[in-house]
Amino acid sequence: MISNNAELIDNLEEQEDLIDYTHKVLDFISKDTLNENDRKFIIKETVNNFRDFVNPGFLDYRKSVTKGGQYAAVEWRDAGLNSFIDVNGKEYIDCLGGFGIYNVGHRNPKVLKAVNDQLKHQALHSQDLLDPLRAILAKLLYEITPGKLQYSFFGNSGTEAVEGAIKLAKIHQNKKGKNHFISTVGAFHGKSLGSLSATSKGVFRKPFAPLVSGFKHVFYGDIDMMYKTVRASSMVGEDIAAIILEPIQGEGGVILPPKDYFAKVKEICDQFDILLIADEVQTGMGRTGKMFCTEHYGVEPDIMCLAKALGGGIMPIGAVIATEEVFSEFFPNPFIHTTTFGGNPLSCAAAIATINVLLEDKMPERAEKMGKYFISELRRVGNKYKDIVREVRGMGLMIGMEFENDKIGYKVSKGLFDKGILVAGTLINAKTIRIEPPLTIEKGQCDRVVKALDEVLSNLV
């Protein structure tokens, strides 16, 4: 029996309408500038199609959508390394950074050139021959990551990197009778079934229960609880295979652990033969003032997860990197964990160029210097409004500002948005707004953000 949709598509008149529609869309994609009719069409189609075909919940969530959904700010193009423009021509300083993807800026010229150059040769690979850029990128990651991390598997996202890390830990530790994991309260590691088992927020977890078995959660930063949980698990025959941690909890509200926390966790791992998985999806690639945040703590993980900024803000790519001892479990059968699009030539070209920019332009050092200035200025303003601002915290250009409650956080985000500055709340700790601009942000732009923040807060007290 032919479905109703199939019957509609079979109708030649309907097909012509769809072809005309796609031509209209392809036409505005090709344009450098939009006219008034273009702008109206794009806004109308975007709002209506989100409501009818994507998810109407997004229209309630977005700060830019008016009551009834009559209007929404719709992204159009980048405007330099640190800004973007909506379809109506309004420019925004990007202090969200795509949740941490724009470390080297929007449309970084070197990354864009690498992708365009590769596109002239080949966009995707045949899957059967050896592809050079994947091999070269893996070598570069071996060179820049800490400790004995050596072999890489490439996917398309941070979630895929975490999934790969979990599977690596399982296959390595199962033969020792270890198949349980420890994560932390406040952690965010993704939303696929495996990574969601490590993620902590109940509202994300409960609808999909039961999740992957064997995951336990302890309070982040509480080394005593970590030790007792590991020891108790061992005593009852539920030995821990791996501990997965963010060096700074991102979605948890930009939460920094005690300075000696990671070192002490590593000591526990060594004592009980547990793998340490560092989830550097958001903290990696220079964001915190070091190439990788674990370097601040002097800790060498057994497995590391990367994504977000690895693709230079232009291509999606994720990576799980492990020591030879751990990764060698995949050697006998390299097809035991695979992906069609992971490690494709365009993404690898973007990542190679990103590493070049981070090293050549000393981006981690820049993040450290600019972060110290930005945090000090944000704290200066926050101290003027202690009734509603709890704390400004961060490392490098990974910054959080925590308010007394969620409503204040949303109002501040909305107020800054109206002034042309994009920030956002965090998924697990909504009363904290995150400030994660590109590492290329200029001092003058930081000053504009601080000035706007002062004005927004003054209207809330």
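Following our numbering, the numbering of the sequence shown begins with 507 at its first residue and continues without gaps.
Just so it is clear, CB atoms sit at the ideal spot from N, CA and C, and this is done for glycine as well.
The structure displayed is predicted, hence computed values, not measured ones.
In this chain, S701 is not harboured by any beta strand (DSSP E); it is covered by the alpha helix (DSSP H) spanning 699–704.
With distances taken between CA atoms, F605 lies nearest to I941 out of D953, L966, A958, I941. Judged by their CB atoms, K892 and F909 are not nearer to each other than the 8 Å cut-off. Boundaries for A693: no beta strand (DSSP E) harbours it, and the DSSP string shows neither H nor E there.
Assignment of G606 by DSSP, reduced to helix, strand and coil, places it in the helix class.
Secondary structure at G900: strand, using DSSP grouped into helix, strand and coil.
Closest option to D953, judged by alpha-carbon separation, among G877, G664, K681: G877.
Burial state of K913 is exposed, judged by a 10 Å Cβ sphere holding fewer than 16 other Cβ atoms. Taking K697 as reference, the option from T690, H686, L966, F710 with the minimal CA-CA separation is F710.
The beta carbons of G692 and G758 sit about 3 Å from each other, so the pair counts as a contact at 8 Å. Less than 8 Å separates the beta-carbon of R793 from that of N609. Secondary structure within the segment 788–823: the alpha helix (DSSP H) runs of 4 or more consecutive residues, fully enclosed, are 800–803 (chain order). Spatial neighbours of L922 in its own chain (CB-CB distance under 7 Å, excluding positions within 5 residues in sequence) are listed in chain order as V929, A958, L959, V962.
Annotated three-state conformation of L635 is coil, per DSSP. F778 and K712 have their alpha carbons spaced roughly 31 Å apart. DSSP, read as helix, strand or coil, puts K673 in helix. Runs of beta strand (DSSP E) with 3 or more residues, each lying fully within the segment 837–924, are found at 895–901, 904–909, listed in chain order.
Taking I549 as reference, the option from L674, V531, V593 with the minimal CA-CA separation is V593. Under the criterion of beta carbons closer than 8 Å, Q624 and L852 qualify as touching, at roughly 6 Å. In its chain, beyond the 5 residues on either side, N588, S589, F590, Y608, H612, L928, P943, P944 have a beta carbon closer than 8 Å to the beta carbon of D600. In this structure, the CA atom of F556 is about 47 Å from the CA atom of K770. Here L602 is buried, its C-beta having at least 16 other C-beta atoms within 10 Å.
When secondary structure is reduced to three states using DSSP, A738 falls in the helix class.
Here F660 is near G849, since their CB atoms are less than 8 Å apart. With distances taken between CA atoms, L639 lies nearest to A859 out of N889, K917, A859. Here H627 is exposed: its Cβ has fewer than 16 other Cβ atoms, across all protein chains shown, within 10 Å.
Going by DSSP, F547 is part of the alpha helix (DSSP H) stretching over 542–555.
Across the structure, E519 and I688 are spaced so that their CA atoms are roughly 57 Å apart. Non-local C-beta neighbours of V967 in its own chain, meaning closer than 8 Å and more than five positions away in sequence, comprise Y891, D893, I894, ordered along the chain. Closest option to A784, judged by alpha-carbon separation, among N662, I827, H686: I827. With contacts defined as CB atoms closer than 8 Å, S663 and A813 qualify as a contacting pair. Shown here for Y733: same chain residues with a beta carbon closer than 7 Å to its own, the five before and five after excluded, namely I774 in chain order.
Straight-line measurement puts the Cα of T690 at about 5 Å from the Cα of Y726. In the three-state reduction of the DSSP assignment, S663 falls in the coil class. In this structure, A857 keeps its C-beta atom at 8 Å or more from the C-beta atom of A667. S834 and F847 have their C-alpha atoms some 22 Å from each other.
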